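**Student:** Quick one: the structure is below, questions incoming.
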Amino acid sequence: SRLHGGLVFPDQVHTLSTKIDEHEPEEEKKEPGFEAKDINAAFNPKKSELSLEERFDLCASIGEEILSRDRLMDLLKKKDNFICYDGFEPSGRMHIAQGLLKAINVNKLTKAGGIFIFWVADWFALLNKKMDGDINKIQDLGRYFIEIWKAAGMNLENVKFLWASEEINKRADEYWTMVMDIATKNTLKRVLRCTQIMGRDDGYELSASQIFYPCMQATDIFFLKADVCQLGLDQRKVNVLAIEYAEKEKLNKPVVISHPMVMGLVNKNKKKEQDADESKMNEKELRDKKIKAKMAKADPNSAIFMEDSAEEVARKIKQSVCEPQNIKDN
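Each residue of the sequence shown is one higher than the one before, counting from 67 in this note's numbering.
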């Protein structure tokens, strides 16, 4: 269907094969379903043709916050190709912040010489109770997300997709030893401060598995030997956790380039709720306010999804508030 971009899901395979037998030419039977295709077929990394200053400016243009600019410059001086990392939970529909903004950011980093590793976090989605905990559905969505990025114009020559479940099982001793080490060297209070990365607010009752999530995400950075963490500002806390761990253990500190959050579309009532008095807020409270206002799947009317029709996009924009002559948080 158009919604699925022509992709074949497992529960459609029998029906599809019957239709092919009845209606399609013989050669069409050989076309594999999307689950059989090599997701890294386009991977063929190349060096950047840009100058050092151009590479730095391109990388820096992504970040609302960079930890730190000096370490980013040092990295680019040392390496023609550097490892960038982002992890994504395959869960639900993809909105334009995940689809278009991510494609733009990845293309900038790869043009600057980055080799971008997408950590397809199927086990993390399972821990976070996504898709009713069905790993097969989660992996189908992971492949679907990849197809959307292809359609959005992401250059995949310097991009590699890795399934978390597969890679962790290959080097299980290395991975779980570090997860446990990070867990033992941080307090429960410190780890709980990072649970915002899962899209959970302070009032959400966490399961025991979800408490492990930040320790695993911090481990991913070192497990993948990432030089650059390129995630949203909402993932800042766990990236700082990783930097602190690297300092304690004398490991390579990742450069963190946090892109700004794309704000959700809001109606008049919600806009009033968000317009709290910022003069009384500290830096952390202001940052948290921005994160809570981000485009989110949980509120479908606040998000423009990659497969929304033109009519649906127009409806959502028309019902939202955009105050004239105000460019702050608007």
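Even for Gly, the Cβ is constructed at its ideal location relative to N, Cα and C.
All values reported here derive from a predicted model rather than from experimental measurement.
Rounded to a whole number of angstroms, what is the C-alpha to C-alpha distance between D198 and M160?
**Tutor:** Counting from one through the sequence shown, the residue named residue 198 turns up at place 132. Counting from one through the sequence shown, the residue named residue 160 turns up at place 94. Straight-line Cα distance between these residues: approximately 18 Å.
**Student:** Starting from V321 and walking both ways along the beta strand (DSSP E), at which residues does that stretch end?
**Tutor:** As a first step, residue 321 is located in the sequence shown; it is residue number 255 there, counting from the start. Element bounds for V321: V321 to H325.
**Student:** How many Å lie between G179 and M139 at the Cα?
**Tutor:** As a working mapping, residue 179 is identified with position 113 in the sequence shown. As a working mapping, residue 139 is identified with position 73 in the sequence shown. Near 13 Å, if we compare the C-alpha coordinates of M139 and G179.
**Student:** DSSP three-state label for C150, please.
**Tutor:** Within the sequence shown, numbered from 1, the residue matching residue 150 stands at position 84. Correct three-state label for C150: strand.
**Student:** Nearest by alpha-carbon distance to L299: which of M361, N252 and M282 is it?
**Tutor:** Residue numbering aside, residue 299 sits at position 233 when the sequence shown is read from its first letter. It is M361.
**Student:** Excluding sequence positions up to five away, which residues of its chain have a Cβ less than 7 Å from the Cβ of K363?
**Tutor:** Residue 363 sits at position 297 when you count from the first residue of the sequence shown. Result list for K363: G158, R159, H161 and A369, in chain order.
**Student:** Roughly how many angstroms lie between the CA atoms of L118 and S231, to the nearest whole one?
**Tutor:** Counting from 1 along the sequence shown, the entry for residue 118 is found at position 52. Counting from 1 along the sequence shown, the entry for residue 231 is found at position 165. Using only the alpha carbons, I get a separation of about 36 Å.
**Student:** Who are the Cβ neighbours of N221 in its own chain at under 7 Å, not counting the five residues just before and after it?
**Tutor:** As a working note, residue 221 is residue 155 in the sequence shown. For N221, where only same-chain residues beyond five positions count, the Cβ hits under 7 Å are N173 and T176.
**Student:** Does the stretch 184 to 204 touch the stretch 131 to 138, meaning 3 or more C-beta pairs lie closer than 8 Å?
**Tutor:** No: fewer than three Cβ pairs fall under 8 Å.
**Student:** State the CB to CB distance for the pair F148 and V387, rounded to an integer number of angstroms; the pair is presumed to be in contact (CB under 8 Å).
**Tutor:** For the purposes of this step, residue 148 is identified with residue 82 of the sequence shown, where counting begins at 1. For the purposes of this step, residue 387 is identified with residue 321 of the sequence shown, where counting begins at 1. With 8 Å as the limit, F148 and V387 do not qualify as a contact, their Cβ atoms being about 41 Å apart.
**Student:** Counting along the chain, where does the beta strand (DSSP E) carrying Q385 start and finish?
**Tutor:** Looking up residue 385 in the sequence shown gives position 319. Premise fails: Q385 lies in the alpha helix (DSSP H), A376 to Q385, not in any beta strand (DSSP E).
**Student:** Looking at C-alpha atoms only, which residue of A218, E155, K226 and F190 is the closest neighbour of K112?
**Tutor:** Within the sequence shown, numbered from 1, the residue matching residue 112 stands at position 46. Considering only alpha carbons, the answer is K226.
**Student:** Taking 7 Å as the threshold (C-beta atoms), are P156 and I204 in contact?
**Tutor:** As a first step, residue 204 is located in the sequence shown; it is residue number 138 there, counting from the start. As a first step, residue 156 is located in the sequence shown; it is residue number 90 there, counting from the start. Closer than 7 Å, so yes.
**Student:** Since L307 and F288 should fall inside the 8 Å C-beta cutoff, what is the C-beta to C-beta distance between them, to a whole number of angstroms?
**Tutor:** Taking the first residue of the sequence shown as 1, we reach residue 307 at position 241. Taking the first residue of the sequence shown as 1, we reach residue 288 at position 222. So it is not a contact: roughly 12 Å between Cβ atoms.
**Student:** Between D146 and the rest of its own chain, which residues show a CB-CB distance below 8 Å, the 5 nearest in sequence each way excluded?
**Tutor:** Indexing the sequence shown from 1 puts residue 146 at position 80. Taken in chain order, the residues that qualify are K113, S114 and G179.
**Student:** Alpha carbon to alpha carbon, what distance is there between I383 and I393?
**Tutor:** Against the sequence shown, residue 393 aligns to sequence position 327. Against the sequence shown, residue 383 aligns to sequence position 317. One C-alpha to the other measures close to 17 Å.
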